[in-house]
Amino acid sequence: MPELPEVETIRRGLGRLLPGKKVLSAECLDSPRSFPNSSSEVDNFLHGASVTTIRRRAKVLLIDFDSNYTLVIHLKMTGQLVFVATDPVYTSASEIQSEASHEASIATSSTDKLAPRFGGGHPTDSLISKLPDRSTRVIIKFTDGSILYFNDQRKFGWMRLMPTISVPEIDFMKRVGPEPLEDSFGAKDFIERIKRRKGTTIKAAILDQTVLAGVGNIYADESLWAAQIHPATHVSDITDKQLSQLLVEIKKVMNLSIAKGGSTDRNYVDAEGKKGSYLQFANVFRREGQPCPRCGATIEKIRVAGRGTHVCPVCQMIQ
DNA sequence: CACTTGACCTGTCCGC
DNA sequence: TGCGGACAGGTCAAGT
Numbered sequence: 001m002p003e004l005p006e007v008e009t010i011r012r013g014l015g016r017l018l019p020g021k022k023v024l025s026a027e028c029l030d031s032p033r034s035f036p037n038s039s040s041e042v043d044n045f046l047h048g049a050s051v052t053t054i055r056r057r058a059k060v061l062l063i064d065f066d067s068n069y070t071l072v073i074h075l076k077m078t079g080q081l082v083f084v085a086t087d088p089v090y091t092s093a094s095e096i097q098s099e100a101s102h103e104a105s106i107a108t109s110s111t112d113k114l115a116p117r118f119g120g121g122h123p124t125d126s127l128i129s130k131l132p133d134r135s136t137r138v139i140i141k142f143t144d145g146s147i148l149y150f151n152d153q154r155k156f157g158w159m160r161l162m163p164t165i166s167v168p169e170i171d172f173m174k175r176v177g178p179e180p181l182e183d184s185f186g187a188k189d190f191i192e193r194i195k196r197r198k199g200t201t202i203k204a205a206i207l208d209q210t211v212l213a214g215v216g217n218i219y220a221d222e223s224l225w226a227a228q229i230h231p232a233t234h235v236s237d238i239t240d241k242q243l244s245q246l247l248v249e250i251k252k253v254m255n256l257s258i259a260k261g262g263s264t265d266r267n268y269v270d271a272e273g274k275k276g277s278y279l280q281f282a283n284v285f286r287r288e289g290q291p292c293p294r295c296g297a298t299i300e301k302i303r304v305a306g307r308g309t310h311v312c313p314v315c316q317m318i319q
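All residue numbers in the first sequence are consecutive under this note's numbering, ending with 319.
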């Protein structure tokens, strides 16, 4: 769930909302799991610090403070970061809620199967007014009365406060591959990296974060469909030309998703509590039993690389 | 060493 | 209607 396009959407939202805000307090409701820093670290480097910039690397969000500390956040599958402007600008929160409601009604009108839902089925507009809820893990309050909620149903997500200068030293940061949307990342580099995983399937290879950053299950299935490559194809059986096309499709699919505010499958929302609409444009993901938009064959759901995998059995032929 | 599987969690959905 | 169990997937640790 949050994959690169979702995390990027959140980054852009928080980038509009947070810079300049000064932290009043930070509270972890399931301490220390979701936010294991010591209270002295939080007191010394978060309380009273102001947000400078919001960055993203792979699926990791980075909130920098003028204390030269950074909140490193991984949302894993069900994590949310939702910003709520309470008093003194209560009206702006209301505007956000009505926008979210509008978008949710559009999304719901597409197909029942894809109608995004939230927890127990609450519409998005009720989310903000009901926070905190039982999925809330961390509450960060700012001096102007606004609040940032870190929610995570499944408790896989986490945040850590650490010196900004130490962020690149995190194991994950050292190992993670290049950003697929960087212009400087091209076919040659992609092909070479994929071929390091020649003993496995192409889906496992593009899901490997050390090969390429940010691809998760949704965009793996969608880009492989677009490139007409069966997800279970062994890397050694794919031509350079096909890999080159696959990179084109990965970039296309991710850019489209960012433009649509990401994918809301079950509970992803952006920084303002809004759902993403990309799944309305998905060709295979969660569309098993429906006709392939390209050839009309019935889309199947199979298991590849330990994941539920959506594939057209006709036009994504194993080579 | 390369690769695969299981664990971490909780809410939802399906079948009995 | 209630309940058990399968399933969802990002990442790391453990197993093959």
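Glycine residues also receive a C-beta, built at the ideal position from the N, C-alpha and C atoms.
Report all residues from its chain with a CB closer than 8 Å to the CB of R175; omit the five preceding and five following residues, and keep chain order.
Residue numbering aside, residue 175 sits at position 175 when the first sequence is read from its first letter. Counting only Cβ-Cβ distances below 8 Å, and skipping sequence neighbours, we find Q209 and T210.
Is the Cβ-Cβ distance between T86 and G145 less than 8 Å?
Position 86 of the first sequence, counting from 1, holds the residue named residue 86. Position 145 of the first sequence, counting from 1, holds the residue named residue 145. It is a contact, given that the beta carbons lie within the stated cut-off.
Under the rule that 16 or more other beta-carbon atoms within 10 Å means buried, what is K188, buried or exposed?
As a working mapping, residue 188 is identified with position 188 in the first sequence. K188 comes out exposed.
Please list the terminal residues of the continuous beta strand (DSSP E) segment that includes D64.
Within the first sequence, numbered from 1, the residue matching residue 64 stands at position 64. Looking at the DSSP string, the run of the beta strand (DSSP E) that includes D64 is V60 to F65.
For the alpha helix (DSSP H) containing P5, list its first residue and its last residue.
Locating residue 5 in the first sequence gives position 5, where the first residue counts as 1. Its alpha helix (DSSP H) spans residues L4 to L17.
Exposed or buried, what is C295 when buried is set at 16 or more other beta-carbons lying within 10 Å of its beta-carbon?
To locate residue 295, count along the first sequence from 1; it is residue 295. The residue is exposed, with fewer than 16 neighbouring Cβ atoms inside 10 Å.
Look at M173 and R57 and say whether their C-beta atoms are less than 8 Å apart.
One-based indexing of the first sequence puts residue 173 at position 173. One-based indexing of the first sequence puts residue 57 at position 57. Against a cut-off of 8 Å, the Cβ pair of R57 and M173 comes out as a contact.
Going by DSSP in three states, T53 sits in which element: helix, strand or coil?
In the first sequence, counting from the first residue as 1, residue 53 sits at position 53. Strand, per DSSP.
Output needed for M162: all residues of its chain with C-beta closer than 7 Å, excluding positions within five of it in sequence on either side, in chain order.
Taking the first sequence and counting its residues from 1, one reaches residue 162 at position 162. The residues are Y69, T70 and V72.
Taking a contact to mean a Cβ-Cβ separation below 8 Å, would you say D240 touches I302 in this structure?
As a first step, residue 240 is located in the first sequence; it is residue number 240 there, counting from the start. As a first step, residue 302 is located in the first sequence; it is residue number 302 there, counting from the start. No; because the gap between Cβ atoms is not below 8 Å, this pair is not in contact.
Residue range of the alpha helix (DSSP H) that E368 falls in?
This structure gives no information on residue 368, because the portion of the chain shown stretches from 1 to 319.
By the 10 Å Cβ neighbour count, where 16 or more other Cβ atoms means buried, how is G121 classified, buried or exposed?
The sequence position of residue 121 within the first sequence is 121, counting from 1. Since pLDDT at G121 reaches only 31, below the 50 mark, its modelled position is unreliable, and no value is offered.
How is P178 classed by DSSP in three states: helix, strand or coil?
Stepping through the first sequence from its first residue, residue 178 is reached at position 178. Coil at P178, not helix or strand.
Please classify S166 as buried or exposed, where buried requires at least 16 other C-beta atoms within 10 Å of its C-beta.
Here residue 166 refers to the residue found at position 166 when the first sequence is read from its first residue. So S166 ends up on the exposed side.
Since S223 contacts I250 with CB under 8 Å, what's their CB separation in whole angstroms?
Here residue 223 refers to the residue found at position 223 when the first sequence is read from its first residue. Here residue 250 refers to the residue found at position 250 when the first sequence is read from its first residue. Yes, they are in contact, since the Cβ atoms of S223 and I250 sit about 4 Å apart, within 8 Å.
Under 8 Å by Cβ, that's how I've got S263 and I218 pegged, so tell me the actual separation to the nearest angstrom.
Position 263 of the first sequence, counted from the start, is the residue given in the question as residue 263. Position 218 of the first sequence, counted from the start, is the residue given in the question as residue 218. Correct: roughly 5 Å between the Cβ atoms.
Taking the straight line between their C-alpha atoms, what separation do you get for L127 and S50?
Sequence index remark: in the first sequence, residue 127 carries index 127 (1-based). Sequence index remark: in the first sequence, residue 50 carries index 50 (1-based). Whole-angstrom Cα-Cα distance: 26 Å.
Would you identify the three-state DSSP class for A26, choosing helix, strand or coil?
Here residue 26 refers to the residue found at position 26 of the first sequence. Reduced to three states, the DSSP call for A26 is strand.
Could you give the DSSP three-state label for E222: helix, strand or coil?
Looking up residue 222 in the first sequence gives position 222. Here E222 sits in helix by DSSP.
Less than 8 Å between the beta carbons of L14 and F65, yes or no?
Numbered from its first residue, the first sequence carries residue 14 at position 14. Numbered from its first residue, the first sequence carries residue 65 at position 65. Not closer than 8 Å, so no.
Would you mind working out which of I238, K198 and Q153 sits nearest N267, comparing C-alpha positions?
For the purposes of this step, residue 267 is taken as the residue at position 267 of the first sequence. The residue with the shortest Cα to Cα distance from N267 is Q153.
Counting C-beta neighbours from all protein chains within 10 Å, is the total for T201 16 or more, i.e. buried, or is it exposed?
As a position in the first sequence, residue 201 is number 201, starting the count at 1. Per the 10 Å Cβ criterion, buried.
Where P168 and R55 are concerned, what is the direct C-alpha to C-alpha distance, given to the nearest angstrom?
As a working mapping, residue 168 is identified with position 168 in the first sequence. As a working mapping, residue 55 is identified with position 55 in the first sequence. Cα-Cα distance, rounded: 13 Å.
Taking the runs of the alpha helix (DSSP H) that are 4 residues or longer, which of them lie wholly in the region 220-268?
Taking only runs of at least 4 residues, the alpha helix (DSSP H) segments lying wholly in the region 220-268 are 240-259.
Let's see if you can read the secondary structure: which residues bound the alpha helix (DSSP H) around N340?
This structure leaves residue 340 out entirely; the chain is present only between 1 and 319.
Got a sec? Which residues, its chain only, sit under 6 Å from E27 by beta carbon, not counting five neighbours each side?
Along the first sequence, one-based indexing puts residue 27 at 27. Around E27: I139.
What are the boundary residues of the alpha helix (DSSP H) that L207 is part of?
If you number the first sequence from 1, residue 207 lands on position 207. Looking at the DSSP string, the run of the alpha helix (DSSP H) that includes L207 is I202 to L207.
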